[in-house]
Amino acid sequence: MERWLTFANTAMAGSALGLVLTILLAYPFADAVSMAWQILAHIGTLLFAVGVKVAYVARLVFLSRLGRPVH
Numbered sequence: 006m007e008r009w010l011t012f013a014n015t016a017m018a019g020s021a022l023g024l025v026l027t028i029l030l031a032y033p034f035a036d037a038v039s040m041a042w043q044i045l046a047h048i049g050t051l052l053f054a055v056g057v058k059v060a061y062v063a064r065l066v067f068l069s070r071l072g073r074p075v076h
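Position one of the sequence shown corresponds to residue 6 (this note's numbering), numbered consecutively onward.
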């Protein structure tokens, strides 16, 4: 379970980083990138947001199974 908890933490951090990057590409830097990149950034925003949520729920499950406090 400890290995899965590490994986969930890493997935949550990676998804959060991807979310921030796609938000930056989709909104403040939209004028600097092509329309194709803007479309990909908007799709990525949705996918990375789902990734953060799924990784967070997985993290809570693994913490619970390890008997650690779930906040």
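Even for Gly, the Cβ is constructed at its ideal location relative to N, Cα and C.
Ranked by Cα distance from Ala-21, the first of Leu-68, Pro-74 and Phe-53 is Phe-53.
Setting aside the 5 residues that flank it on each side, Trp-9 is surrounded in the same chain by Phe-67, each with a C-beta closer than 7 Å to its C-beta; the list follows chain order. Counted as a single uninterrupted DSSP element, the alpha helix (DSSP H) harbouring Leu-24 occupies residues 7–31. Bounds of the alpha helix (DSSP H) holding His-47 are 40–70.
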